[in-house]
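Accompanying notes for the structure given below.
Number of protein chains: 2
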Amino acid sequence: MATATVQTLFEGIRRGDRASLARGITLVESTRADHRQQARELVAACVGVERPRSLRIGLTGTPGVGKSTFIETLGMMLIRKGHRVSVLAVDPSSARSGGSILGDKTRMQELSVAEGAYVRPSPSRGTLGGVARNTLDSIILAEASGYDVCLVETVGVGQSETMVADMVDMFVLLMQPGSGDELQGVKRGIMELADLVVVNKADGPLELAAKLTRTEVLNALHLMLPRRPSWTPKVVRASATTGHNLDRVWSTVLRFFDELRASGEWDKLRAEQQRKWMWREVSHLLLAALDRDPAVRACARSLEAGVLGGTVAPSAAAEQIVDRFLVPRR
Amino acid sequence: MATATVQTLFEGIRRGDRASLARGITLVESTRADHRQQARELVAACVGVERPRSLRIGLTGTPGVGKSTFIETLGMMLIRKGHRVSVLAVDPSSARSGGSILGDKTRMQELSVAEGAYVRPSPSRGTLGGVARNTLDSIILAEASGYDVCLVETVGVGQSETMVADMVDMFVLLMQPGSGDELQGVKRGIMELADLVVVNKADGPLELAAKLTRTEVLNALHLMLPRRPSWTPKVVRASATTGHNLDRVWSTVLRFFDELRASGEWDKLRAEQQRKWMWREVSHLLLAALDRDPAVRACARSLEAGVLGGTVAPSAAAEQIVDRFLVPRR
Chain A
2 MATATVQTLF EGIRRGDRAS LARGITLVES TRADHRQQAR ELVAACVGVE RPRSLRIGLT
62 GTPGVGKSTF IETLGMMLIR KGHRVSVLAV DPSSARSGGS ILGDKTRMQE LSVAEGAYVR
122 PSPSRGTLGG VARNTLDSII LAEASGYDVC LVETVGVGQS ETMVADMVDM FVLLMQPGSG
182 DELQGVKRGI MELADLVVVN KADGPLELAA KLTRTEVLNA LHLMLPRRPS WTPKVVRASA
242 TTGHNLDRVW STVLRFFDEL RASGEWDKLR AEQQRKWMWR EVSHLLLAAL DRDPAVRACA
302 RSLEAGVLGG TVAPSAAAEQ IVDRFLVPRR
Chain B
2 MATATVQTLF EGIRRGDRAS LARGITLVES TRADHRQQAR ELVAACVGVE RPRSLRIGLT
62 GTPGVGKSTF IETLGMMLIR KGHRVSVLAV DPSSARSGGS ILGDKTRMQE LSVAEGAYVR
122 PSPSRGTLGG VARNTLDSII LAEASGYDVC LVETVGVGQS ETMVADMVDM FVLLMQPGSG
182 DELQGVKRGI MELADLVVVN KADGPLELAA KLTRTEVLNA LHLMLPRRPS WTPKVVRASA
242 TTGHNLDRVW STVLRFFDEL RASGEWDKLR AEQQRKWMWR EVSHLLLAAL DRDPAVRACA
302 RSLEAGVLGG TVAPSAAAEQ IVDRFLVPRR
């Protein structure tokens, strides 16, 4: 792909062409050196596109909680309201299962073909780190393409949620009715991130259980300081199947953004995220460069063995590895 | 301090001399280049000392929860049982307040002068990162000095707890009686780390409230997957003032270590911690080296401004910073 093609791709993305967006995200996810350069150009161009700030929303929940149905129903509702909705997935299981690409496409049958929606299949790449790292670039592309609601979906097993929380404005946790003893399977640490907990499947025989779960979750959240100065996490019962309370879910989301906007926290949050993201990526690239140097890698491997065996202090090992990497370059 | 002095210091530490340990930890906390080299030698020597594995226990709780009294009472009890107890503090507030050194010393009046205990005052260094980074080295020194119980105390405001959780085997959270609505002030994320929650001040008029708090905390914990395969977090009511249930607190701690030992998880945990610690330190040192290069720092500052202003993508900025740092060295 030449620079001219990057320009064509960029123009396609800017005018909202889904095929261009899909190709752009594939480029952004690529690890090939020439692709990296092109991806950098493309993202730089997309950052420059002036649009109203989109709502970046992380969404998680363990398998079985009805996440796909929820996104499908909510997404269709938003499109009817005139929004343009993109759905990106960060799925650490895709490496194991060989990709849940087809799965996603078929699960969100309506949304994935709807005008005004772009559903990105789970990435099929091996390393979670890589995938999550590129997700912010993918969001930037989607935003340049006019998507004003960007959902980022994770599977709630705790590996990717903190990284996703660092790139979205709001974090939504989907749970199902059932007490803690029945084990929600929510990894510790994830509930902490939630700005909104949706107790899904709150219909029919589970309605009462959903009420109890809502109270339990509220109590759990009350024991802890709120994560944000201008927002106390809310818990809403809903049913993606019947559509019950999805309007309340969305009005809660909008209220969240109103509060964040009014308090100035949204601006601060975005700035801090961007800064953090940049420095995390610097760390990652430095470690990757270190790992590409065969001599340093050998040295690190031997020191790591000493550290694991308890004969070398981690701090001393680290100093030696870094010296080995940097000193010959001075 | 010459290498000969490091040897003297090491011998002092090994035979359990508290003044040597104090000087050693000061050395480890120093940022001076010659001190760093000596600290590395000292830590390397201490890592080689063969002793039974100590119990590394993190302890946190918001101010007012009675942490110092709790440590004092528990510590004195452990000394009577024949343990040697070291108490290290990671206190991010010390930079602000100009050091809580005197505070700590006077708060733990009995323990700080007790034979068999070493109470390290809060570090007076400016950056939390630096202090917490050195704490693992301080633990290694204390262990070489024969302390078989190493308590690491934090103030529970969320900045240092995750780092501390990465260097201890067990994490204890102190709370006080009172419902969530009365705001425990426990930062979200901290309860997640807890292997044991102690509801302190469970005496006199607060006894009933302590029972309710215990139930609330248990419910909150039940909603989440346990953090460790072989241990479900426990909640124990106790009173540091009357000494009530401190024996149960300690027997719970011992049960925790029995379970971890039996399942092999303790070995795995330590190995994983050491590895993680080493790589985190590598990252830190690389970023520090990058920051020491004036040209790179200027470039990073200008790109960071672009990132904060939304005109530069974080990923692109990161690539440019790293290129600027590494390329001239090739």
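Line order of the protein sequences matches chains A and B.
In terms of our numbering, the first sequence is numbered consecutively and its last residue is 331.
In terms of our numbering, the second sequence is numbered consecutively and its last residue is 331.
Note that CB positions come from ideal geometry on N, CA and C, so glycine has one too.
Contact with chain A by S55 of chain B, beta-carbon distance below 7 Å = As a position in the second sequence, residue 55 of chain B is number 54, starting the count at 1. Not closer than 7 Å to any Cβ of chain A, the Cβ of S55 of chain B fails to qualify, so no.
Excluding the five sequence neighbours on either side, which residues of its own chain have a C-beta within less than 6 Å of the C-beta of A40 of chain A, listed in chain order?
-> On the first sequence, residue 40 of chain A is found 39 positions in, with the first residue counted as 1. L28, V29.
Taking only beta-carbon positions, decide if G76 of chain A is within less than 7 Å of chain B.
-> One-based indexing of the first sequence puts residue 76 of chain A at position 75. Answer no: the Cβ-Cβ gap between G76 of chain A and chain B never drops below 7 Å.
Could you tell me whether the Cβ atoms of E42 of chain A and V7 of chain A are closer together than 7 Å?
-> Locating residue 42 of chain A in the first sequence gives position 41, where the first residue counts as 1. Locating residue 7 of chain A in the first sequence gives position 6, where the first residue counts as 1. Against a cut-off of 7 Å, the Cβ pair of V7 of chain A and E42 of chain A comes out as a contact.
Candidates A:R19, A:A203, A:T63, A:G307, of which the one nearest L247 of chain A by Cα = For this step, residue 247 of chain A is matched to residue 246 along the first sequence. For L247 of chain A, the nearest C-alpha among the options comes from A:A203.
Rounded C-beta distance between M152 of chain B and L60 of chain B? I'm assuming under 8 Å.
-> Your numbering for residue 152 of chain B matches position 151 in the second sequence. Your numbering for residue 60 of chain B matches position 59 in the second sequence. It is Leu, not Met, that sits at residue 152 of chain B in the sequence shown. That belief holds up - the Cβ atoms of L152 of chain B and L60 of chain B are roughly 6 Å apart, short of 8 Å.
Output yes if chain A places a C-beta closer than 7 Å to the C-beta of G100 of chain B; else output no.
-> Mapped onto the second sequence, residue 100 of chain B falls at position 99. For G100 of chain B, the pLDDT reaches just 36, beneath the cut-off of 50, and the residue's location in the model is therefore unreliable, leaving the point undetermined.
Taking only beta-carbon atoms, is W267 of chain A less than 7 Å away from chain B?
-> In the first sequence, the residue the question calls residue 267 of chain A occupies position 266. So, not an interface residue.
Is the beta carbon of T253 of chain A sitting closer than 7 Å to the one on L197 of chain A?
-> One-based indexing of the first sequence puts residue 253 of chain A at position 252. One-based indexing of the first sequence puts residue 197 of chain A at position 196. Contact: yes.
Secondary structure of L197 of chain A, DSSP reduced to three states | Within the first sequence, the letter at position 196 stands for residue 197 of chain A. The answer is strand: DSSP assigns L197 of chain A an E or B state.
How many Å lie between M176 of chain A and L270 of chain A at the Cα?
-> In the first sequence, the residue the question calls residue 176 of chain A occupies position 175. In the first sequence, the residue the question calls residue 270 of chain A occupies position 269. About 26 Å.
By the 10 Å Cβ neighbour count, where 16 or more other Cβ atoms means buried, how is A289 of chain B classified, buried or exposed?
-> Sequence index remark: in the second sequence, residue 289 of chain B carries index 288 (1-based). Here A289 of chain B is exposed: its Cβ has fewer than 16 other Cβ atoms, across all protein chains shown, within 10 Å.
How would you call L224 of chain A, buried or exposed, if buried means at least 16 neighbouring beta carbons within 10 angstroms?
-> Locating residue 224 of chain A in the first sequence gives position 223, counting from the first residue. The residue in question, L224 of chain A, is buried, as its Cβ has 16 or more Cβ neighbours within 10 Å.
For T61 of chain B, the first and last residue of its enclosing beta strand (DSSP E) | Within the second sequence, residue 61 of chain B is the residue found at index 60, counting from 1. In this chain, the beta strand (DSSP E) harbouring T61 of chain B covers 56-61.
Span separating the alpha-carbon of G310 of chain B from that of R228 of chain A | Position 309 of the second sequence holds residue 310 of chain B. Position 227 of the first sequence holds residue 228 of chain A. If you take the alpha carbons of G310 of chain B and R228 of chain A, they lie about 25 Å apart.
Along chain A, which residues have their Cβ under 7 Å away from the Cβ of P295 of chain B?
-> Sequence index remark: in the second sequence, residue 295 of chain B carries index 294 (1-based). Chain A residues near P295 of chain B: none, gap ~14 Å exceeds 7 Å.
Starting from the beta carbon of A166 of chain B, find every residue of chain A whose beta carbon is closer than 9 Å, and list them in chain order.
-> What you label residue 166 of chain B is simply residue 165 of the second sequence in a count that begins at 1. Listed along chain A is no residue with a C-beta nearer than 9 Å to that of A166 of chain B; the closest approach is about 11 Å.
Could you give the distance in angstroms between the alpha-carbon of R293 of chain B and the alpha-carbon of A301 of chain A?
-> Residue 293 of chain B sits at position 292 when you count from the first residue of the second sequence. Residue 301 of chain A sits at position 300 when you count from the first residue of the first sequence. So the alpha carbons of these two residues sit roughly 23 Å apart.
Does DSSP put V169 of chain A in a helix, in a strand, or in coil?
-> For this step, residue 169 of chain A is matched to residue 168 along the first sequence. Note: V169 of chain A maps to coil in three-state DSSP.
Reducing DSSP to helix, strand and coil, say where R134 of chain B ends up.
-> If you number the second sequence from 1, residue 134 of chain B lands on position 133. If DSSP states are grouped into helix, strand and coil, R134 of chain B belongs with the helices.
For the region 269-284 of chain B, enumerate the residues whose C-beta is nearer than 7 Å to any C-beta of chain A, in chain order.
-> Here the close residues are A272, Q275, R276, W278, M279, E282, V283, S284.
Using a C-beta to C-beta distance shorter than 7 Å, which residues of chain B count as neighbours of N220 of chain A?
-> Taking the first sequence and counting its residues from 1, one reaches residue 220 of chain A at position 219. Within chain B, G181, E217, N220, A221 have C-beta atoms less than 7 Å from the C-beta of N220 of chain A, given in sequence order.
Chain B contact residues for M171 of chain A, given Cβ-Cβ distances below 9 Å = Numbered from its first residue, the first sequence carries residue 171 of chain A at position 170. Result: empty, since nearest Cβ-Cβ is about 15 Å, beyond 9 Å.
Nearest neighbour of K235 of chain A, chosen from A:A241, A:R256, A:G244, A:T242 [CA to CA] | Here the question's residue 235 of chain A lines up with position 234 in the first sequence. A check of alpha carbon separations from K235 of chain A across A:A241, A:R256, A:G244, A:T242 identifies A:R256 as the nearest.
Helix, strand or coil for M109 of chain B per DSSP?
-> Along the second sequence, one-based indexing puts residue 109 of chain B at 108. Correct three-state label for M109 of chain B: coil.
Closer than 7 Å to chain B by CB, V50 of chain A | Taking the first residue of the first sequence as position 1, residue 50 of chain A is located at position 49. V50 of chain A does not count as touching chain B.
Interface flag, D149 of chain A vs chain B, CB-CB below 7 Å | Against the first sequence, residue 149 of chain A aligns to sequence position 148. Using beta-carbon distances, D149 of chain A does not count as an interface residue toward chain B, since no partner is under 7 Å.
Where the alpha helix (DSSP H) containing A45 of chain A begins and where it ends = In the first sequence, the residue the question calls residue 45 of chain A occupies position 44. Bounds of the alpha helix (DSSP H) holding A45 of chain A are 34-48.
Neighbourhood of M192 of chain B by C-beta distance below 8 Å, restricted to the same chain and skipping five residues each side = Here the question's residue 192 of chain B lines up with position 191 in the second sequence. Closer than 8 Å at the Cβ level, and outside the excluded window around M192 of chain B, lie L174, V198, V218, A221, L222.
Minimum C-alpha distance to S316 of chain B - residue among A:T242, A:P53, A:V283, A:V150 = In the second sequence, counting from the first residue as 1, residue 316 of chain B sits at position 315. Out of A:T242, A:P53, A:V283, A:V150, A:V283 has the C-alpha closest to the C-alpha of S316 of chain B.
Between V308 of chain B and the rest of its own chain, which residues show a CB-CB distance below 7 Å, the 5 nearest in sequence each way excluded?
-> Along the second sequence, read from residue 1 onward, the residue named residue 308 of chain B stands at position 307. Sequence-distant partners of V308 of chain B (beyond 5 residues in either direction) whose C-beta falls short of 7 Å from its own C-beta, in its chain, are P315, A318.
Cβ pair S55 of chain B, E154 of chain B closer than 7 Å | Position 54 of the second sequence, counting from 1, holds the residue named residue 55 of chain B. Position 153 of the second sequence, counting from 1, holds the residue named residue 154 of chain B. Taking 7 Å as the cut-off, the Cβ atoms of S55 of chain B and E154 of chain B do not count as close.
According to DSSP, residues forming a beta bridge with E1 of chain A = Because chain A here runs from 2 to 331, residue 1 of chain A falls outside it and cannot be looked at.
Based on the DSSP secondary-structure assignment, which residues constitute the bridge partners of V120 of chain A?
-> Here the question's residue 120 of chain A lines up with position 119 in the first sequence. A:V88.
Is V323 of chain B near L287 of chain A, with beta carbons less than 7 Å apart?
-> As a first step, residue 323 of chain B is located in the second sequence; it is residue number 322 there, counting from the start. As a first step, residue 287 of chain A is located in the first sequence; it is residue number 286 there, counting from the start. With a cutoff of 7 Å on beta-carbon distance, V323 of chain B and L287 of chain A are scored as near each other.
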